[in-house]
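In our numbering, the protein residues as written are 120 to 216.
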């Protein structure tokens, strides 16, 4: 549970999870993309205003704790939330605290 809390202790990572909660509203420019797979890393990076390496690190942390799932389509990687995993974490946090 500590790793999950550490992952959420960064404002950019929290924003990524917020944006991916409603990707159509947060990324209206993704029309025509592989929407069922999530949001392209380039759009997330652009919205966050970070470098590619910084975004890669943020996404890797969120993926490692299970809050994000990645799908590779050709040269593109798409990310989406794992809402079941996020819900399980919040329920565990509620029980502990």
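All C-beta atoms in this analysis are idealised placements derived from N, C-alpha and C, irrespective of residue type, glycine included.
Can you give the Cα-Cα distance for residue i and residue j, rounded to whole angstroms?
i	j	result
residue 137	residue 215	24 Å
residue 146	residue 120	30 Å
residue 122	residue 148	33 Å
residue 210	residue 174	28 Å
residue 177	residue 208	19 Å
residue 201	residue 191	16 Å
residue 206	residue 213	10 Å
residue 187	residue 133	12 Å
residue 189	residue 172	16 Å
Which of the three DSSP states, helix, strand or coil, is assigned to residue i?
i	result
residue 196	strand
residue 212	helix
residue 171	helix
residue 126	helix
residue 184	coil
To the nearest whole angstrom, what separates the beta carbons of residue i and residue j, a pair I think is in contact under 8 Å?
i	j	result
residue 181	residue 126	6 Å
Could you tell me whether the Cβ of residue i comes closer than 7 Å to any Cβ of chain D?
i	result
residue 214	Of the protein chains in the structure, only one exists, and it is not chain D.
Which residue from the options puts its Cα closest to that of residue i?
i	options	result
residue 168	130, 197, 144	130
residue 204	193, 185, 179	185
residue 124	197, 183, 196	183
residue 155	170, 142, 135	142
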